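Student: Pasting a structure below so you can have a look.
There are 2 protein chains.
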Amino acid sequence: MKLSDRQEKIIDIVKENGPITGEHIADKLNLTRATLRPDLAILTMAGFLEARPRVGYFFTGKTGSELISDKIKTFQVHEFQQIPIIVKEDVSVYDAISAMFLEDVGTLFVVNDKSCLSGVLSRKDLLRASIGQQDLNAIAVHIIMTRMPNITVCRKDDLLLDAAQRLITKQIDALPVVKDTEDGLVVTGRITKTTITKAFVELGIDSHI
Amino acid sequence: MKLSDRQEKIIDIVKENGPITGEHIADKLNLTRATLRPDLAILTMAGFLEARPRVGYFFTGKTGSELISDKIKTFQVHEFQQIPIIVKEDVSVYDAISAMFLEDVGTLFVVNDKSCLSGVLSRKDLLRASIGQQDLNAIAVHIIMTRMPNITVCRKDDLLLDAAQRLITKQIDALPVVKDTEDGLVVTGRITKTTITKAFVELGIDSHI
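Spelled out as structure tokens, the structure:
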């Protein structure tokens, strides 16, 4: 929403003098109250100003960002999730590293014999293992993986914003998108910092998400 | 910006019937043109509708996202950049991996003896080196690093959006923020997918960025 020069001026006047009546704003601009009516209506509806009967107009401090926040809160995980790369618990660390390079991902999800989530392997986990003096072909990933219940997950109907917050607060690179089943959690997708970076770029570039 | 029920109805009418005159919209709602005037003014100013003289109102297809895009385009790299972790060219791969764990970062920047940027080390580079059969204490990072001119950089006044796009298109995790000097590029910050994820979360949570 592009504001007109006059609307910008009104906001400045209210910022400095609020609460201030419509008449007083009109006086300061040498205009009539009637001329300003549409501008004041627009600024109030857009949330820049708040009008209180018998008091006048306040500046709300909202600068359109509420709208942004509202928009971001409509994004759900399933609209953005990517395909998960999955390995079995008995795969060797060497093969897991190979899978990571082959699939070009930063995180692998580990499943048990019921195909349910049992662990997560980050590049960091694999790097830590690989600087040890062990034979990477001889260690199975279940030895070094992060395991339940220390895995942070998300579900397809979660807000992308909540998933992004979990990545930041837990200091992890990826979340498995899971579905609850009788046997445990089935992995159906992944949300990574790359996913969030892509969403940010789309928000910035594409005006029609 | 919260639209009223009547404004939502107007948008629906214009979506379906546009281009349509104000009178015809008023007819469909059993209201007078005068009653609708403020609503039409607001919807036009907010960018939902476009008015063409002698033709009528169109639906623009803009749903407030332009505002988001405009807002994101005000974010500059220097407002979000984090501290860069830097190592020298002759540091061993083993020590670089230790520095990465110690500082808890995903990317290290390598500088030459003039303290200017000469390379970048990602977790992926270090992981690749560490699964080789070499002694990690015996290899210097300049052997395995990605080097100029294959390094993608950004500058403090660049748009955060442009930096985010470079991360996606180049498929990298971090960009050094650099300053041009006579000797070369001096690293003053870093922008990572974590930086962008944090900016996304702030946009979504904080209404007053």
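Residue numbers (UniProt numbering), protein chains in the order written: chain A, 1 to 209; chain B, 1 to 209. Quick reminder that beta carbons are idealized off the backbone N, C-alpha and C, glycines included. Small disclaimer: the values here were computed from a predicted structure and weren't measured.
Using 8 Å as the threshold, is the segment 124-142 of chain A in touch with the segment 88-95 of chain A, meaning 3 or more CB pairs across them?
Tutor: At 8 Å Cβ cutoff, the stretches touch.
Student: From the DSSP secondary-structure annotation, give me the bridge partner or partners of Gly56(B).
Tutor: Arg52(B).
Student: Taking 8 Å as the CB-CB limit, is Leu136(A) close to chain B?
Tutor: True, the Cβ-Cβ gap to chain B drops below 8 Å.
Student: Closest by CA to His142(B), which one among Gly119(B), Pro149(B), Leu43(B)?
Tutor: The residue with the shortest Cα to Cα distance from His142(B) is Gly119(B).
Student: Take Lys198(B) as the anchor and find which of Asp173(A), Val110(A), Lys179(A) has the nearest alpha-carbon.
Tutor: The shortest Cα separation from Lys198(B) among Asp173(A), Val110(A), Lys179(A) belongs to Asp173(A).
Student: Of all Cβ atoms in chain B, is any one closer than 8 Å to the Cβ of Gln82(A)?
Tutor: Not an interface residue.
Student: In whole angstroms, what is the alpha-carbon distance linking Gln81(A) and Val187(A)?
Tutor: The alpha-carbon atoms of Gln81(A) and Val187(A) are separated by roughly 11 Å.
Student: For Val201(B) and chain A, any beta-carbon pair shorter than 8 Å?
Tutor: At least one chain A Cβ lies under 8 Å of Val201(B).
Student: Distance cutoff 8 Å, beta carbons only. Does Gly204(B) sit that close to anything in chain A?
Tutor: At least one chain A Cβ lies under 8 Å of Gly204(B).
Student: Name, please, each residue of chain A whose Cβ falls closer than 7 Å to the Cβ of Ile168(B).
Tutor: Thr197, Lys198, Val201, listed in chain order.
Student: When the Cα atoms are used, what is the spatial distance from Asn112(B) to Glu89(B)?
Tutor: Roughly 6 Å between the two C-alpha positions.
Student: Taking the alpha-carbon positions, what's the Ala41(A) to Ile196(B) distance?
Tutor: Answer to the nearest angstrom: the Cα atoms are 36 Å apart.
Student: Per DSSP, Val178(A) is paired with what?
Tutor: Val187(A).
Student: Using the C-alpha atoms, what's the distance from Lys73(B) back to His208(B)?
Tutor: With a pLDDT of only 39 at His208(B), under 50, the local geometry of the prediction cannot be trusted, and the value read off the model is given with reservation. Approximately 16 Å between the Cα atoms of the pair.
Student: Using a Cβ-Cβ cutoff of 8 Å, what residues of the segment 42-53 of chain B are near chain A? List them in chain order.
Tutor: From the segment 42-53 of chain B, only Ile42, Met45, Ala46, Gly47 have a Cβ closer than 8 Å to chain A.
Student: Can you tell me the Cβ-Cβ gap for Leu127(A) and Leu127(B), rounded? I've got them flagged as a contact below 8 Å.
Tutor: Indeed they touch by this definition, with Cβ atoms about 5 Å apart.
Student: Report the residue from Lys71(A), Val105(A), Asp5(A) whose alpha carbon sits nearest the alpha carbon of Ile85(A).
Tutor: The option with the nearest alpha carbon to Ile85(A) is Val105(A).
Student: Along chain A, in chain order, which residues have C-beta atoms closer than 9 Å to that of Tyr94(B)?
Tutor: Here the neighbours are Ile131.
Student: Which residue wins for smallest C-alpha separation from Val201(A), given the options Ala163(B), Ile144(B), Thr44(B)?
Tutor: Of Ala163(B), Ile144(B), Thr44(B), the residue nearest in Cα terms is Ala163(B).
Student: Going by C-alpha to C-alpha distance, which of Glu50(B), Asp39(B), Ile97(B), Asp180(B) sits closest to Met145(B)?
Tutor: Of the listed residues, the one whose Cα sits closest to Met145(B) is Ile97(B).
Student: Classify Gly119(B) as helix, strand or coil using the three-state DSSP reduction.
Tutor: Note: Gly119(B) maps to strand in three-state DSSP.
Student: Check whether the Cβ of Ala174(A) lies closer than 8 Å to any Cβ atom in chain B.
Tutor: Judged by the 8 Å Cβ criterion, Ala174(A) is not in contact with chain B.
Student: Considering only residues of the segment 113-169 of chain B, which uninterrupted alpha helix (DSSP H) runs meet the minimum length of 4 residues and lie entirely inside it, listed in chain order?
Tutor: Counting whole runs of 4 or more residues, the segment 113-169 of chain B contains the alpha helix (DSSP H) stretches 123-130, 141-144, 160-169.
Student: If I follow the unbroken alpha helix (DSSP H) through Lys9(A), where does it start and stop?
Tutor: Start and end: 5-17.
Student: What residue does the alpha helix (DSSP H) around Phe200(B) start on, and which one ends it?
Tutor: Unbroken alpha helix (DSSP H) run through Phe200(B): 193-205.
Student: Looking only at C-alpha atoms, which of Tyr57(B), Ile68(B), Leu102(B) sits nearest to Glu16(B)?
Tutor: Nearest C-alpha to Glu16(B): Tyr57(B).
Student: Cα separation between Gly165(B) and Lys28(B)?
Tutor: The residue you asked about is not Gly; residue 165(B) is Gln in the sequence shown. One C-alpha to the other measures close to 45 Å.
Student: By how many angstroms is the C-alpha of Leu49(A) removed from the C-alpha of Leu43(A)?
Tutor: So the two alpha carbons sit approximately 6 Å from each other.
Student: Spatial neighbours of His24(B) within its chain, please: CB distance less than 8 Å, with the 5 preceding and 5 following residues excluded, ordered by chain position.
Tutor: Asn17, Gly56.
Student: With a threshold of 8 Å between beta-carbons, can Leu29(B) be considered close to chain A, or not?
Tutor: Taking Cβ atoms only, chain A never reaches closer than 8 Å to Leu29(B), which makes this a no.
Student: At which residues does the alpha helix (DSSP H) containing Ile85(B) begin and terminate?
Tutor: No alpha helix (DSSP H) holds Ile85(B); DSSP gives it neither H nor E.
Student: Under 8 Å, do Leu121(A) and Leu185(A) count as touching if we go by C-beta distance?
Tutor: No. Outside cutoff.
Student: Beta-carbon within less than 6 Å of Ala129(A)'s beta-carbon, same chain only, minus the 5 sequence neighbours each way: which residues are those?
Tutor: Once the five neighbours on either side are set aside, the close Cβ partners of Ala129(A) are Val93, Ile144.
Student: Grouping DSSP H, G and I as helix and E and B as strand, with all else coil, what is Leu31(B)?
Tutor: Of the three classes helix, strand and coil, the one that applies to Leu31(B) here is coil, per DSSP.
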